[in-house]
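Asker:
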Amino acid sequence: MRARLFLAVVLLVPLTVRASFTDRPHYIAVAFHDVVDRAGDGDENSVTADRLVAFFEWLRGNGWTAITLDDIAGAQSGARPLPDRAILITFDDGFRSLYTRVYPLLLAYKIPIVAGLVGNWMGGPARETVRKGDDVIPGSSVLISWEQAREMARSGLVEFASHSFDLHHSELANPQGSEMPAAAVRAYAATGGYETETSYRQRIRADLEQSRALLQKELGVGPRALVWPYGRYTQAAREEALAANYRFLLTLDPEPGFLDDLPDMPRILPFGNTDLRSMISYPVAPPTAVRLVHLNPQTLSPMDAAAFETNLGATIERLRTLGATTVVVDAAWGGSQGRLEGAWFPNRVLPMKSDVLSRIVWQLRTRAGVNIAVSLPVSDARAALGNDDAVVRLFEDLGYSAIADALLLDHVQALAAFRTDDSSHAARWDVRRRRNSLDKSRLPASDDLALRAFVAFEHVRPGTRLFLLTPTVGDSPSAIADLTLVETPLAAKPFGEIVNRLVAGGWMQPNRRYSSGVWVLGEKPPSASALSTDARLFQRRGGVAFGWDRDDPLADEPKAALAAPAVSAATFPILRKP
Numbered sequence: 000m001r002a003r004l005f006l007a008v009v010l011l012v013p014l015t016v017r018a019s020f021t022d023r024p025h026y027i028a029v030a031f032h033d034v035v036d037r038a039g040d041g042d043e044n045s046v047t048a049d050r051l052v053a054f055f056e057w058l059r060g061n062g063w064t065a066i067t068l069d070d071i072a073g074a075q076s077g078a079r080p081l082p083d084r085a086i087l088i089t090f091d092d093g094f095r096s097l098y099t100r101v102y103p104l105l106l107a108y109k110i111p112i113v114a115g116l117v118g119n120w121m122g123g124p125a126r127e128t129v130r131k132g133d134d135v136i137p138g139s140s141v142l143i144s145w146e147q148a149r150e151m152a153r154s155g156l157v158e159f160a161s162h163s164f165d166l167h168h169s170e171l172a173n174p175q176g177s178e179m180p181a182a183a184v185r186a187y188a189a190t191g192g193y194e195t196e197t198s199y200r201q202r203i204r205a206d207l208e209q210s211r212a213l214l215q216k217e218l219g220v221g222p223r224a225l226v227w228p229y230g231r232y233t234q235a236a237r238e239e240a241l242a243a244n245y246r247f248l249l250t251l252d253p254e255p256g257f258l259d260d261l262p263d264m265p266r267i268l269p270f271g272n273t274d275l276r277s278m279i280s281y282p283v284a285p286p287t288a289v290r291l292v293h294l295n296p297q298t299l300s301p302m303d304a305a306a307f308e309t310n311l312g313a314t315i316e317r318l319r320t321l322g323a324t325t326v327v328v329d330a331a332w333g334g335s336q337g338r339l340e341g342a343w344f345p346n347r348v349l350p351m352k353s354d355v356l357s358r359i360v361w362q363l364r365t366r367a368g369v370n371i372a373v374s375l376p377v378s379d380a381r382a383a384l385g386n387d388d389a390v391v392r393l394f395e396d397l398g399y400s401a402i403a404d405a406l407l408l409d410h411v412q413a414l415a416a417f418r419t420d421d422s423s424h425a426a427r428w429d430v431r432r433r434r435n436s437l438d439k440s441r442l443p444a445s446d447d448l449a450l451r452a453f454v455a456f457e458h459v460r461p462g463t464r465l466f467l468l469t470p471t472v473g474d475s476p477s478a479i480a481d482l483t484l485v486e487t488p489l490a491a492k493p494f495g496e497i498v499n500r501l502v503a504g505g506w507m508q509p510n511r512r513y514s515s516g517v518w519v520l521g522e523k524p525p526s527a528s529a530l531s532t533d534a535r536l537f538q539r540r541g542g543v544a545f546g547w548d549r550d551d552p553l554a555d556e557p558k559a560a561l562a563a564p565a566v567s568a569a570t571f572p573i574l575r576k577p
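If you count by numbering that gives the first Met the number 0, then the sequence shown holds residues 0 to 577, one letter each, in order.
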C-alpha cells in the first residue's frame, strides 16, 4: 500500500428540505424514543416533555402536517399526493412515557404516530429484565403494557410497528469479542466460527415472523412496518423482511424520505435533547472542520493478540487527542513489495492475514466516535485474483466484515471525471440517485469493475458512501461520488499551490467544497508544525476537511498534542455522534 497524506472536503448532509429535491414528493420522518420531565433524566436519545410540546406547537403554527403510513402508501399509489411539509412522527422501544406523556399530547393535538415495539420486551420473563444493547433495564417499570398498547391503537392515532422480536441487542461478531447489532452482522461463535448467510437469513426471518405473530395476537392486526433496531441492517436482512411481508422499513439515515425510495424510510434521530424544530426547518450548518486519518492495520501488530489490543487502545486515545472525525482503514495487506497479498477479514478468494478488520472498525466507531471509510484498491485486487468475479466476491465479503460509512476506491478515472448538468448539487441522495442511474456502458472495463465492487459492498451495507481518489484536478468533483480526492505527490508542488488550483477550478465553491478535496502522497509522517501550517492555510481559503495518510499511531508521529490545536476538529467544535 502506498503512503499518502491527504486533505479533503467531505459531503455532509443537512437534515432539512433542500432545493435539490423540492420538486419531488418527499416527507421528513423523526425517530423519538423516551420522553422525560427533565434534561438528564433519560439517555442521550431522550427528549424532554416541554420540548416535545413546543415541537408540536411549532408544527401546527408553521404549516406542517403529521402523516400516517396510509398517507405515504396513498401517495405512492397515486391515489392522493403528500401534503406540503409532510412529517411522519415515530417513537421507538415502547417506553412507558409513550402512554403517560406522549399519548395525551396525541389526543390533544390530533397527531398520528408510528410506534415500534420489541416483542421480547413486552411480556414473559424477559419483561422483568430487558437487555437493551449492553444495558439491562427493569422492563416492567419502564415499558408500556399490552393493554395500554391496545388502548392507544383503538384511538386511531397510534399504529404499532415491529421493532423485531429479539434483535434489539448485540451479538458476538468477531474472535476478539466485539458485540454488534444483531440484525447487522453474522454472529460469531468461538466453537463454530461465523454464521453462514443461510443461517443468518434464517435467524432474521424467524425473528421477524415471531414478532409479526405476537403483534397480530395481542393487537388484532399484524404490523406492516419494521423499525430496524439501532438503524442497522444488511441487504440480506432487508430481503428477509420483505419476504416476511413488511412493507415499510424504517431506518436511521438522516435524510428526507422519497416515495420512489420506498420501502426504505429514512428518519432523523434527535440527539442530546436538541432543538427539535431546527432539525427539519433550517439547514444544519456544515461543520467548520473535518479531520481524516489513515490507519494501516499492520502497524497495530495484528498477529499478536495482546499487543494488538494494547496498540488499538493507544490508537483510539491518540485519535481523540487529534480530534479526528473520519478514519480511512486499509482492508488488505500490501506486503513488502506493495502487492496485495492478504486481507484483514475473512473472505472466499484472498488469503486472510488476520481477522482484525471488524474489531478495528467497530472499536474506532464506538470508542473514538469517528466515521469509517475502508480502502481496498480494485486494480490491485484484480491483479492478485485474476478475474473480475473474484474481485466482486471479495468486496461482498468485505461488506459483511466492516460496518463502514464509506468505501474508498482509486485508479477510477472515468468515475472520478463523471459530470452532469446538475453536478453542483451535493446532497447525498442526489449523488446516490445519479450513481444508481449511471449508464455503465460509458465506462472502461477498470471503472466498470470498480463500480461493480462498490455495488457489491453496498448491497451488503445499504447507504454506503463512495469516496474516489483521482490524480488530476478536473472541472469539478465527480457527480457520482460523495467525496472526490485529488492525489498529488507531496514533493511535487507546495501545499499553497494545490489549494490555489482547487480555488481556481471552482472546487472550493460553497456548493462543491463539501464533496471534494486533495490527497497528498508522502513517504513519512508529516511534522506537527507542517500539519498546523497547512491546516490553517486550508481553513482560511475555505477548506473544510484536512487529513494525512502516512501516520504512525504507536510512535505518535505526527505528535498529536502538538498538532491538535490547529488540526483538531474538536477545536471548532463539530464532533458529533456518528
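Cβ coordinates follow ideal geometry from the N, Cα and C atoms, glycine included.
I believe residue 148 touches residue 159 by the beta-carbon criterion, under 8 Å. Please report the beta-carbon distance rounded to the nearest angstrom.
Answerer: Going by Cβ atoms, the distance from residue 148 to residue 159 rounds to 6 Å, so yes, they are a contact pair.
Asker: DSSP state of residue 396, grouped into three classes?
Answerer: Of the three classes helix, strand and coil, the one that applies to residue 396 here is helix, per DSSP.
Asker: Taking the runs of the alpha helix (DSSP H) that are 4 residues or longer, which of them lie wholly in the stretch 39 to 75?
Answerer: Qualifying alpha helix (DSSP H) stretches, in chain order: 48 to 60.
Asker: Can you list, in chain order, the stretches of the beta strand (DSSP E) that have 3 or more residues and sit fully within the stretch 417 to 480?
Answerer: Counting only runs of 3 or more, we get 464 to 469.
Asker: State the Cα-Cα distance for the pair residue 493 and residue 529, rounded to the nearest angstrom.
Answerer: Roughly 12 Å between the two C-alpha positions.
Asker: I'd like the span of the beta strand (DSSP E) that includes residue 194, first residue to last.
Answerer: Segment: none, residue 194 is in no beta strand (DSSP E) and carries neither H nor E.
Asker: CB residue 374 to CB residue 446, shorter than 7 Å?
Answerer: Going by C-beta atoms, residue 374 is not nearer than 7 Å to residue 446.
Asker: Where does residue 256 fall in DSSP's three states?
Answerer: Three-state DSSP puts residue 256 in a strand.
Asker: Rounded to the nearest angstrom, what separates residue 396 and residue 177 at their Cα positions?
Answerer: For residue 396 and residue 177, the distance between alpha carbons rounds to 18 Å.
Asker: Using a Cβ-Cβ cutoff of less than 7 Å, which residues in the same chain neighbour residue 562 once the five nearest sequence positions on both sides are dropped?
Answerer: Once the five neighbours on either side are set aside, the close Cβ partners of residue 562 are 321, 527, 530 and 531.
Asker: Count the CB pairs spanning the stretch 445 to 459 and the stretch 387 to 406 that are closer than 8 Å, and state whether there are at least three.
Answerer: Counting Cβ pairs under 8 Å, three or more are found: they touch.
Asker: Quick one: what does DSSP say residue 282 is sitting in, helix, strand or coil?
Answerer: At residue 282 the pLDDT is 38, less than 50, meaning the model places this residue with poor confidence and gives no usable figure here.
Asker: Whose CA, out of 502, 552 and 26, lies closest to the CA of residue 539?
Answerer: Among 502, 552 and 26, the Cα nearest to that of residue 539 is on 502.
Asker: Identify the continuous alpha helix (DSSP H) that holds residue 321 and give its terminal residues.
Answerer: Where residue 321 is concerned, the enclosing alpha helix (DSSP H) stretches over 304 to 321.
Asker: In the DSSP assignment, what are the bridge partners of residue 374?
Answerer: Answer is 329 and 407.
Asker: In angstroms, rounded to a whole number, what distance separates the CA positions of residue 264 and residue 98?
Answerer: So the two alpha carbons sit approximately 25 Å from each other.
Asker: What separation, rounded to the nearest whole angstrom, lies between the Cα atoms of residue 431 and residue 146?
Answerer: Looking at the two C-alpha atoms, the distance is approximately 43 Å.
Asker: To the nearest angstrom, how far is it from the Cα of residue 20 to the Cα of residue 350?
Answerer: At residue 20 the pLDDT is 47, less than 50, meaning the model places this residue with poor confidence; the figure from the coordinates comes in the next sentence. The alpha-carbon atoms of residue 20 and residue 350 are separated by roughly 45 Å.
Asker: So residue 290 packs on residue 544, CB below 8 Å; how close in whole Å?
Answerer: Residue 290 to residue 544, Cβ: 7 Å. Contact.
Asker: Between 346, 36 and 59, which lies nearest to residue 105 when the distance is taken from Cα to Cα?
Answerer: Checked all of 346, 36 and 59; the closest Cα to residue 105 is 59.
Asker: Between residue 161 and residue 228, which are expected to be in contact by the criterion C-beta below 8 Å, what is the C-beta distance as a whole number of angstroms?
Answerer: The pair is not a contact, with the Cβ atoms about 10 Å apart (cut-off 8 Å).
Asker: Report the option in 173, 347 and 548 whose CA atom is closest to the CA atom of residue 362.
Answerer: Selected option, being the one with the closest Cα: 173.
Asker: Hey, out of 560, 551 and 34, whose CA is closest to residue 294's CA?
Answerer: Looking at the Cα atoms, 551 is the closest of the given residues.
Asker: Can you tell which of 252, 117, 198 and 268 has its C-alpha closest to the C-alpha of residue 209?
Answerer: Nearest C-alpha to residue 209: 117.
Asker: Starting from residue 402 and walking both ways along the beta strand (DSSP E), at which residues does that stretch end?
Answerer: Run containing residue 402: none; DSSP gives neither H nor E here.
Asker: Buried or exposed for residue 154, going by 16 or more other Cβ atoms inside 10 Å?
Answerer: Exposed, by the Cβ-count rule.
Asker: Identify which residue in 270, 167, 175 and 83 has its Cα closest to the Cα of residue 39.
Answerer: Measuring from the Cα of residue 39, the nearest candidate turns out to be 270.
Asker: Report yes if the C-beta distance between residue 553 and residue 310 is below 7 Å; otherwise report no.
Answerer: Yes, these two residues count as a Cβ contact at 7 Å.
Asker: How many angstroms separate the CA atom of residue 238 from the CA atom of residue 534?
Answerer: Rounded to whole angstroms, residue 238 to residue 534 spans 45 Å at the Cα level.
Asker: Could you please give me the residues that DSSP links to residue 89 through a beta bridge?
Answerer: DSSP, once it has assigned bridges, lists 30 and 113 as partnering residue 89.
Asker: Using the C-alpha atoms, what's the distance from residue 256 back to residue 25?
Answerer: When rounded, the distance between both Cα atoms is 5 Å.
Asker: Indicate the three-state DSSP secondary structure (helix, strand or coil) for residue 143 in the structure shown.
Answerer: Residue state, collapsed to three classes: coil.
Asker: Assuming residue 342 contacts residue 352 (C-beta within less than 8 Å), just tell me the rounded distance between them.
Answerer: The pair is a contact, with the Cβ atoms about 6 Å apart (cut-off 8 Å).
Asker: In this structure, does DSSP put residue 232 in helix, strand or coil?
Answerer: Three-state DSSP puts residue 232 in coil, outside helix and strand.
Asker: Just verifying my parser: in three-state terms, what is the DSSP assignment at residue 180?
Answerer: It is a strand residue.
Asker: Pull up the distance between the alpha-carbon of residue 55 and that of residue 151, whole angstroms please.
Answerer: Spanning the two alpha carbons is a distance of roughly 19 Å.
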